[in-house]
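Numbering (full-length UniProt numbering), first residue to last: 1 to 221.
For each residue, glycine too, the CB sits at the ideal point set by N, CA and C.
These notes are about the structure you will find just below.
What follows is the structure, given as structure tokens:
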């Protein structure tokens, strides 16, 4: 293993009004409070950030956001925040966050990994230490949940078919027994799959206080 400085993990957090819109059929219902969607998005973010902060190789977590509620939440957890000054989309935000990193080892991490375990992230970062740029595809093999760079620009290519975009840009594909790291949550079935793996405390607490939400998610398991 090649020794690297402590990792700076950069996590993007959209404004709540435009975040996780494919989950709105679950949250925007007459039997749910008006804040249900925001609460779910923030719970997913909190569990992701908490897992990264608990990962031994991680020296800092930087959340790039212009959403006050997200910024306040992650700061309470121990993360540092920077505003999305470029306001140019996800990749521009990640580049901006990476430029504020404390060291030369930087990782961009999806914000919707409620089943992520610190040990999984640690294993992936250890595997990434020996190459300039690496990425972890999502469970479908088309998206990306983690992109790393050591001593070189991050060059994020998140978006449609990002796994192939990162591969084409020279990043090394990483694979391992990291089910929580692979399972980002974009749609209802993704959330059910994450629940089956076991989610973090914030998402679990939200479901515990939202019986109708828990019932709907459990009904199709």
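Counterpart residues of residue i in DSSP-defined beta bridges
i	result
residue 12	64
residue 7	58
Close Cβ partners of residue i (< 7 Å) along its chain, the five nearest in sequence each way excluded
i	result
residue 200	47, 50, 51 and 114
residue 117	51 and 180
residue 102	8, 59 and 60
residue 224	The structure shown has nothing for residue 224, since the chain only spans 1 to 221.
residue 142	161 and 163
residue 123	176 and 178
residue 167	173
residue 156	91, 94, 95, 108 and 147
residue 19	41
residue 24	37
8 Å CB neighbourhood of residue i in its chain, flanking five on each side removed
i	result
residue 1	Legend: pLDDT at residue 1 = 47, less than 50; position of this residue unreliable, value from coordinates given subsequently. So the list reads 126, 129 and 130, once near-sequence residues are dropped.
residue 197	115, 179, 180 and 183
residue 205	43
residue 28	36 and 37
residue 85	96
residue 214	207 and 208
Given residue i as reference, the closest of the options once Cα atoms are compared
i	options	result
residue 83	11, 196, 30 and 144	11
residue 151	141, 105 and 177	105
residue 87	176, 96 and 20	96
residue 178	35, 202 and 121	121
residue 212	22, 31, 19 and 173	31
residue 119	144, 54 and 92	54
residue 62	192, 158, 176 and 111	111
residue 81	145, 203 and 100	100
residue 77	45, 90 and 107	45
residue 149	20, 107, 205 and 168	107
residue 140	190, 24 and 156	190
residue 74	202, 208 and 207	202
residue 209	33, 28, 29 and 24	33
residue 153	207, 98 and 194	98
Cβ shell of residue i (< 6 Å), same chain only, five flanking positions each side left out
i	result
residue 188	26
residue 172	131 and 134
residue 301	Given that the chain is displayed from residue 1 to residue 221, the structure contains no residue 301 and the question cannot be resolved.
residue 90	12 and 158
residue 79	49, 61 and 63
residue 232	A question about residue 232 goes unanswered here, because the residues of the chain that appear run from 1 up to 221.
residue 194	114, 115, 183 and 185
Any non-hydrogen atom of the ligand MN within 7 Å of residue i CB
i	result
residue 173	With respect to the ligand MN, the structure shown offers nothing to examine, as it has no ligands at all.
At which residue ranges does the stretch 141-174 contain complete beta strand (DSSP E) runs of 3 or more residues, listed in the order of the chain?
-> 144-150
Given 8 Å, three or more beta-carbon pairs between the stretch 59-75 and the stretch 14-24 | yes
Curious, which full-length alpha helix (DSSP H) runs of at least 4 residues does the UniProt domain "MobA-like NTP transferase" (44-143) contain?
-> 68-77, 90-99 and 118-128
Pair every Cβ in the stretch 160-178 with every Cβ in the stretch 135-152, then say whether three or more of these pairs are closer than 8 Å.
-> yes
Is the stretch 55-63 in contact with the stretch 26-43, if contact means three or more CB pairs nearer than 8 Å?
-> no
What are the uninterrupted segments assigned as beta strand (DSSP E) that are 3 or more residues long and contained completely in the stretch 168-218, given in chain order?
-> none
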